[in-house]
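If you use our numbering, the sequence shown corresponds to residues 77 to 222, in order.
We put the beta carbon where it would ideally sit given N, CA and C, even for glycine.
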Amino acid sequence: MRLRSQAREVTLCLLYQVEIRKIDFNLARHDYLEHNPQQQEVVDFSSLLLEGVITNLEHLDCLIKKYAENWEIARMAVIDRSILRMACFELFFLEEIPPKVSINEAIELAKRFGDINSPRFINGVIDRIYKSEEGVRVISLSGKSL
Numbered sequence: 077m078r079l080r081s082q083a084r085e086v087t088l089c090l091l092y093q094v095e096i097r098k099i100d101f102n103l104a105r106h107d108y109l110e111h112n113p114q115q116q117e118v119v120d121f122s123s124l125l126l127e128g129v130i131t132n133l134e135h136l137d138c139l140i141k142k143y144a145e146n147w148e149i150a151r152m153a154v155i156d157r158s159i160l161r162m163a164c165f166e167l168f169f170l171e172e173i174p175p176k177v178s179i180n181e182a183i184e185l186a187k188r189f190g191d192i193n194s195p196r197f198i199n200g201v202i203d204r205i206y207k208s209e210e211g212v213r214v215i216s217l218s219g220k221s222l
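See below:
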C-alpha cells in the first residue's frame, strides 16, 4: 500500500476514534501511533489530514450537507461521514493532489471500511461536490478557508 493511502487509512481510524470516543484528536493520534507505529511520511500526511479536517470541520460539514441529498450529517454512518470530510479537505485544501486521486482514495476507503452501500454513497456525494464546487478548489492552506 502506498504511503499516502496508508496515511488516509490511519486518519480515518483517528477520525473514527475522535468521534466515537469523544476524545481530543491529539490524544487519539498519540494513542494510535503508540500502538501502531508508522513511517514518518505516513505520520506527517496523516497529521496534515487530521488537523485539516478538525480545523475546518464546520466548513466541511456545510459543504457535505449541501450535496448529500436527503441526508443529515448526524445520521450518516461515522465511517462515511469521516471519509467525506477527509475527501473534501483534500479536494479543497490540498491543491497538489489531483481531484481524481482524492475521489478514488475515498471510494477505496469506503469499500474497505464502510458498509455495502458506502462506496456508491461516497462516490455520489463527492462527485456532486466536485462538479458543483470545482471553481472553489483554488483554496489552499495559506490561511484561506471555505
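Sorted by chain position, which residues of the same chain lie with C-beta nearer than 8 Å to residue i's C-beta, five sequence neighbours on each side aside?
i             : result
glutamate 127 : Phe101
In terms of residues, what are the limits of the alpha helix (DSSP H) holding residue i?
i              : result
leucine 109    : 101 to 111
glutamate 210  : Glutamate 210 -> no alpha helix (DSSP H), and no H or E assigned at all.
asparagine 180 : 175 to 189
glutamate 172  : Looking at the DSSP string, glutamate 172 is not in any alpha helix (DSSP H), and its letter there is neither H nor E.
glutamate 117  : 116 to 131
threonine 192  : Position check: residue 192 holds isoleucine in this sequence, whereas threonine was assumed. From DSSP, isoleucine 192 is part of no alpha helix (DSSP H); its letter is neither H nor E.
glutamate 85   : 79 to 97
For residue i, collect the residues of the same chain with a Cβ closer than 7 Å to its Cβ; drop the 5 residues on either side in sequence, then sort them by chain order.
i                 : result
phenylalanine 165 : Leu125, Gly128, Val129, Asn132 and Leu136
lysine 207        : none
Less than 6 Å between C-beta atoms, sequence neighbours within five positions excluded: which residues of the same chain meet that for residue i?
i              : result
arginine 204   : Tyr143
glutamine 93   : Ala104
isoleucine 173 : Glu166
Taking residue i and residue j to be in contact with their CB atoms under 8 Å, please state how far apart those CB atoms are, rounded to whole angstroms.
i            : j              : result
leucine 185  : isoleucine 149 : In fact, because the Cβ distance is near 18 Å, the residues do not count as touching under 8 Å.
glutamate 85 : valine 154     : Glutamate 85 to valine 154, Cβ: 15 Å. No contact.
Taking DSSP as the reference, what is the three-state secondary structure of residue i?
i           : result
alanine 153 : coil
alanine 163 : helix
Query raised in the report: Does the pairing of the segment 79 to 93 with the segment 174 to 189 give three or more beta-carbon distances under 8 Å?
Result: Touching, per the Cβ criterion.
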